[in-house]
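Just below is one structure, and these are the notes that go with it.
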Amino acid sequence: MLPEPSEWSVVKTNWAAIRLSIEKIDLDNYEPYTVSKVFAPKSRSNIRVTHLLHPQDLLIYTALVLIASPDIEAARLSKKAKRVFSYRIDGSAGVLYKSKGTFEAYREQLSSKSEKVNAKFVALADIADFYPRIYQHRLENVIESVARNQRTTDVARVLVRKFISNLMGRNSYGIPVGPYASRILGEAVLIDVDANLQSQGVDFVRWVDDYNIFCKTEYEAQSILFTLAEWLFTNHGLTLQSAKSKILPIDKYRSEILIHPGEELTDRDTVVQVLREFRIGYEGDEDEEEPDEQEIAETLAVLQGIDLKGMLEESLADTALVDYEAVTYALVKLPRIPGVEEHVKHEVLNLIIDNAELLYPVAEYIAKYILSFDNLTAKDQKKIASKLLKPLKSKRNPPPPYYAMWILYIFSTSSNWNHVTDIVSLYRESKSEIIKRYAALAVHISGSRADALNMKDDFVAASPMLKSAILFATRKLGVDERKHWKLSVGVSGLLEKSI
9 MLPEPSEWSV
19 VKTNWAAIRL
29 SIEKIDLDNY
39 EPYTVSKVFA
49 PKSRSNIRVT
59 HLLHPQDLLI
69 YTALVLIASP
79 DIEAARLSKK
89 AKRVFSYRID
99 GSAGVLYKSK
109 GTFEAYREQL
119 SSKSEKVNAK
129 FVALADIADF
139 YPRIYQHRLE
149 NVIESVARNQ
159 RTTDVARVLV
169 RKFISNLMGR
179 NSYGIPVGPY
189 ASRILGEAVL
199 IDVDANLQSQ
209 GVDFVRWVDD
219 YNIFCKTEYE
229 AQSILFTLAE
239 WLFTNHGLTL
249 QSAKSKILPI
259 DKYRSEILIH
269 PGEELTDRDT
279 VVQVLREFRI
289 GYEGDEDEEE
299 PDEQEIAETL
309 AVLQGIDLKG
319 MLEESLADTA
329 LVDYEAVTYA
339 LVKLPRIPGV
349 EEHVKHEVLN
359 LIIDNAELLY
369 PVAEYIAKYI
379 LSFDNLTAKD
389 QKKIASKLLK
399 PLKSKRNPPP
409 PYYAMWILYI
419 FSTSSNWNHV
429 TDIVSLYRES
439 KSEIIKRYAA
449 LAVHISGSRA
459 DALNMKDDFV
469 AASPMLKSAI
479 LFATRKLGVD
489 ERKHWKLSVG
499 VSGLLEKSI
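Using this note's numbering, the final residue of the sequence shown is 507, and nothing's skipped along the way.
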């Protein structure tokens, strides 16, 4: 959801000192840094909040969850049950969860369940605003109840009652949205929900907060949905999302939820299916085995027989209902499939650049797709940069900061993208600390001393993450000039001093 923080390079370089500093923190009395909120579009009419944590807090948060994660996993339904597929912990040292192949296994299980004789209806249940609505006291109770040693019990108190509560502004609801560690805590909350369904003999499969429940009759499906909704509200204060929770006859479920390649499918369906099933490109798949030659050949054969650009144009044609799934799969997978013709990838590139204002919810994938090209000329980059920055300059209809963040992230990766004059103007004119942060990071890469001078005076009043970015930008100042400035503003914190 969020770009990798520029601060990680500094953390890695100074890890021994930073680790020693964190080890000395008394978490019972520690006040986390103020969290930066980024409102990310889920669609063209809805948003979700994501949380950008200070790197020190992200390290602490992740470490505490890692301590509790084996006990959480042990209390979940077993993997052998093939009911819960999301974020399973495999016990590897320093690994939060297993991601390799898990979504594909989930989809295969849905397909297998849908073919059973007794599966006539499927109840779909989606928990509304799951992470923001998790009741922290219940989460603490869950971790305490699954603890197999005193250390996990202690973590439950410190992690939830102290750390998460402070991160979330001392609200009693919500956990950070965005950090990988939150996914493990979300799974912990649903342990009793899954166990209750299984104890009643309910045939279900779950991925994160989405339940697929296979039933013999429509009445059975309705009854289970009511029971599930009651359990969620009574025990967790959670509710089901009415727009996504529904009952489908099995044939409609197969055609709307599951996509099976075949002659009757549209080009869009076929492309989405083949891209979905191509194994490279999911988050965390760095260790996935390389696809074999046959898989590559089959994928290329499908793509070569279809007008991919035309399919995506059709996906964007209905501006009220953009087909984000098709666009996302294309942007994620195309750069990773060996042998895809360059002109096809460039056609898709030009299409998304020209329609960027329809694609705010997939800004992350736009940025990563653009950065996947290593053969763009200076002319190409200038053209792309101008088009990407155009919406950001609009005073009447500015894009959400989430989109601006990902676009500015592109400019923070290489000085070849330049356009620093426009970016400094955005910094001056924007009231968003997120936009200011990523503008400052871009200045660090391709700006000048004069550009840094425009930013340094904002340091004292800035949020923690903007302060960090301004520190990066002020590397453009003279050595003595920067030294005296740092003394005058009182730079504190080991990470900040290291920057």
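Note that CB positions come from ideal geometry on N, CA and C, so glycine has one too.
Per-residue burial, residue i [other beta carbons within 10 Å of its own, 16 or more giving buried]
i, result
"ASN54", "exposed"
"ASP217", "buried"
"ILE234", "Inspection of the sequence shows that residue 234 is occupied by Phe rather than by Ile. Flag for PHE234 reads exposed."
"ILE33", "exposed"
"THR225", "exposed"
"GLU294", "Note on GLU294: pLDDT 42, under 50, position unreliable in the model; the coordinate value appears next. The residue is exposed, with fewer than 16 neighbouring Cβ atoms inside 10 Å."
"THR21", "exposed"
"TRP425", "buried"
"SER492", "With the sequence shown as reference, residue 492 is identified as His, and Ser is not the correct amino acid for it. The residue is exposed, with fewer than 16 neighbouring Cβ atoms inside 10 Å."
"ASN220", "buried"
"ARG436", "exposed"
"PRO269", "In this predicted model, PRO269 has a pLDDT of only 38, less than 50, meaning its place in the structure is not dependable; the value taken from the coordinates is given anyway. Per the 10 Å Cβ criterion, exposed."
"TYR95", "buried"
"GLY177", "exposed"
"GLN182", "The sequence shown places Gly at residue 182, not Gln. When all chains shown are included, GLY182 counts as buried."
"HIS62", "buried"
"ILE26", "buried"
"GLY194", "buried"
"GLU15", "buried"
"HIS452", "buried"
"GLY455", "buried"
"LEU311", "For LEU311, the predicted model reports a pLDDT of 45, less than 50, meaning its position is unreliable; a value from the coordinates is still stated below. By the neighbour-count rule (16 or more Cβ atoms within 10 Å), LEU311 is buried."
"GLU272", "Legend: pLDDT at GLU272 = 37, less than 50; position of this residue unreliable, no value from coordinates given."
"ALA469", "exposed"
"PHE212", "buried"
"LEU283", "Because the pLDDT at LEU283 is just 45, under 50, the model does not fix this residue reliably, and the value given afterwards should be weighed accordingly. Per the 10 Å Cβ criterion, buried."
"HIS351", "exposed"
"TYR337", "buried"
"ILE507", "buried"
Contact under 8 Å by Cβ, residue i with residue j
i, j, result
"LEU266", "LEU118", "yes"
"ILE255", "PHE93", "no"
"ALA460", "ALA481", "yes"
"ILE431", "ILE378", "no"
"ALA364", "ILE232", "no"
"GLN64", "LEU503", "yes"
"ILE442", "PRO409", "yes"
"PRO78", "GLY109", "no"
"LEU508", "ILE30", "Only positions 9 to 507 of the chain appear in the structure, and residue 508 is not among them; the question remains open."
"HIS427", "LEU400", "no"
"ASP362", "LYS170", "no"
"VAL57", "PRO140", "yes"
"ALA133", "LEU236", "yes"
"ALA375", "SER420", "no"
"ALA447", "LEU416", "yes"
"PHE222", "LYS88", "no"
Run of the alpha helix (DSSP H) containing residue i, from where it starts to where it stops
i, result
"THR21", "15 to 21"
"ALA447", "441 to 454"
"HIS351", "350 to 362"
"LEU502", "502 to 506"
"GLN461", "The sequence given here places Leu at residue 461; Gln does not occur at that position. Counting along the chain, the alpha helix (DSSP H) containing LEU461 begins and ends at 457 to 464."
"GLN158", "158 to 164"
"ARG191", "189 to 197"
"ASN149", "144 to 154"
Start-to-end residues for the beta strand (DSSP E) that takes in residue i
i, result
"PRO257", "254 to 257"
"ARG214", "211 to 215"
"TYR219", "218 to 223"
"ARG490", "Per DSSP, ARG490 belongs to no beta strand (DSSP E); it is in the alpha helix (DSSP H), 487 to 497."
"ALA48", "44 to 49"
"LEU60", "55 to 60"
Within-8 Å CB hit, residue i to chain C
i, result
"SER496", "The displayed structure is made up of one protein chain only, and chain C is not part of it."
Checklist entry - Is the segment 188 to 204 in contact with the segment 71 to 89, if contact means three or more CB pairs nearer than 8 Å? => result yes
Next on the checklist: Check whether the segment 161 to 170 and the segment 131 to 149 touch, using three or more Cβ-Cβ pairs below 8 Å as the test.
Outcome noted: yes
Checklist entry - Taking three-plus beta-carbon pairs below 8 Å as touching, is the segment 364 to 371 in contact with the segment 40 to 54? => result yes
Checklist entry - Does the count of Cβ pairs from the segment 33 to 44 and the segment 154 to 161 closer than 8 Å reach three? => result no
Next on the checklist: Suppose only complete runs of 4+ residues qualify. What are the alpha helix (DSSP H) ranges in the segment 395 to 429, listed by chain order?
Outcome noted: 409 to 419
Item to check | Runs of alpha helix (DSSP H) wholly within the segment 73 to 142 (minimum 4 residues, chain order) | outcome: 110 to 122
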